[in-house]
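63 is the number of the first residue of the sequence shown in the working numbering; add one for each residue after it. By construction, the Cβ of each residue, glycine as well, lies at the ideal position given by its N, Cα and C atoms. To keep things clear, I will list the structure first and then write my remarks on it.
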Amino acid sequence: MTYESTPWRRTARSANLLGPTGDPGVTIFEEITGLANKHHAINLGQGFPDTEGPQEIRELAVKAIHDGANQYAPGSGIPALRQAISEHQNRYYGLKIDPDTQVVVSTGATEAIAATILAFVEAGDEVVTFEPYYDSYAAMIGLANAAHKVVKLRAPSFAPDLDELRAAVTDKTRLIIVNNPHNPTGTVFDENVLNEIIALAHKHDCIILADEVYEHLTFDSPHIPIATLAGGFERTVTISSAGKSFSFTGWKVGWASGPRELITAVRTVKQFLSYSSGPAFQPAVAEALALPDSFFTNFSADLGERGAQLADGLEKAGIPVMRPKGTYFLVADLKGQGVESAVDAAKLMPERIGVAAIPLSVFAHQENQSEYASLLRFAFCKKPEVIARAVELLQNLPGELAK
Ligand SMILES: Cc1ncc(COP(=O)(O)O)c(C=O)c1O
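Below you can see the structure in the form of structure tokens.
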């Protein structure tokens, strides 16, 4: 059997797991991070915070290990965490979630996404996402042997065209994935977009996967979960994660909530992915979810300032920015610098500028990548002094790009 013909390779290709060169070993994320490390550049490519989550929450995880939380957690998650998730959904959104039947704890949001797609999508079904999209959707849709249809979000507003949305969702659609606030664009969908998605889900009898991992990272207005809008809850699996809200990306504690029938299906698949994980992190995350409102508002206000700091700096260098309404990412446009390929720019930036960023086109289907060709995604979940230094270095970007 040759490498080309191995089933593994075919699955990898259909699941969009191969890098741009077809080399399964190297994705653009790894390539850019490798270049950032090699040239000691500030890495604004990967989205991870450079500050730790709250000290008192970390201590709870350490204590849990000492107290013996070291064997398998229950498959659905420990009761205290499921209760805390239920209380959080009620406190922020007025949603009444039964902690025993309407919540499942997962190994990060990633596992909840995988389990939801595998639970509801059969080979040949269609799944609709917005594009650019978070990469794990494409991979999981591919692994489920389903077709991945996209609705483009075009700069500068990144708001979907509702006619294009209506055209994308058909009777073949099984799942509509809505990531709101949206990575990589930093956009937040208007209520009328969310209502249209709900109407389409009812019309075409499909399920909504609401990836709301950035629910607490909005800057101008509070987050509106799609499950809170009329007709939304009954069709939606809502997914979130302690990684984003509390800066514990490595803990990989996520969860899904929604109607009992949908969560039962997700839990059934999830049992055979990891069964369970993070027994010492789960009690700590339960306490984190009960932190006072001031924790959440200070966190998003601080992050919003970092975003503005980076946006101001890029604009000062003459580079237009699509100011984010949420997440910890912003998109900058290099078109005015004569850049036709942000991929090439991203590859030279770590060495020539000392700052790394990710080209937006890698979050798109190959045939649509030209649509995003001049756009770069920067992560701003970094300390103010790190952003300040990056801004200083980025002043050289137009000059370097002109060479
Ligand atoms: C939109 C989106 N969904 C899910 C995840 C994954 O979350 P977790 O680390 O909890 O698996 C990320 C992480 O970057 C993300 O940006």
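Inside the region 100 to 152, DSSP marks whole alpha helix (DSSP H) runs of 4 or more residues at positions 117 to 128, from first to last along the chain.
Of the candidates A318, F308 and A292, the residue whose Cα lies closest to the Cα of S302 is A318. Inter-segment contact for the region 170 to 180 and the region 224 to 232 is absent: fewer than three beta-carbon pairs are separated by less than 8 Å. Around the CB of P161, 16 or more other CB atoms lie within 10 Å, so the residue is classed as buried.
Burial of H150 is indicated by the presence of at least 16 other C-beta atoms within 10 angstroms of its C-beta.
One thing to note: W313 has its Cβ within 8 Å of the Cβ of G305. Per DSSP, K378 is one residue of the alpha helix (DSSP H) stretching across D355 to K378. In chain order, the residues positioned with their C-beta nearer than 5 Å to some heavy atom of ligand 1 are G170, A171, T172, Y196, N241, N245, D273, V275, S303, G305 and G316. When rounded, the separation of the alpha-carbon atoms in Q108 and I288 is 27 Å. In the displayed model, N241 falls within a strand according to three-state DSSP.
If you check the CB distance, P345 and A142 come in under 8 Å. Going by C-alpha positions, E377 is about 16 Å away from S436. According to the DSSP secondary-structure assignment, H210 is paired through a beta bridge with V189. DSSP, read as helix, strand or coil, puts L291 in coil. At the C-beta level, I127 and A408 stay beyond 8 Å of one another.
Distance check between V328 and each of G156, A394, D225 and A174 places A174 closest, using alpha-carbon atoms only. Within 10 angstroms of the beta-carbon of E323 lie fewer than 16 other beta-carbons, which makes it exposed. For G204, the enclosing alpha helix (DSSP H) begins and ends at D197 to L205.
Boundaries of the beta strand (DSSP E) harbouring F391: F391 to D395, taken from the DSSP string.
Annotation: K125 to A452 spans about 38 Å, alpha carbon to alpha carbon.
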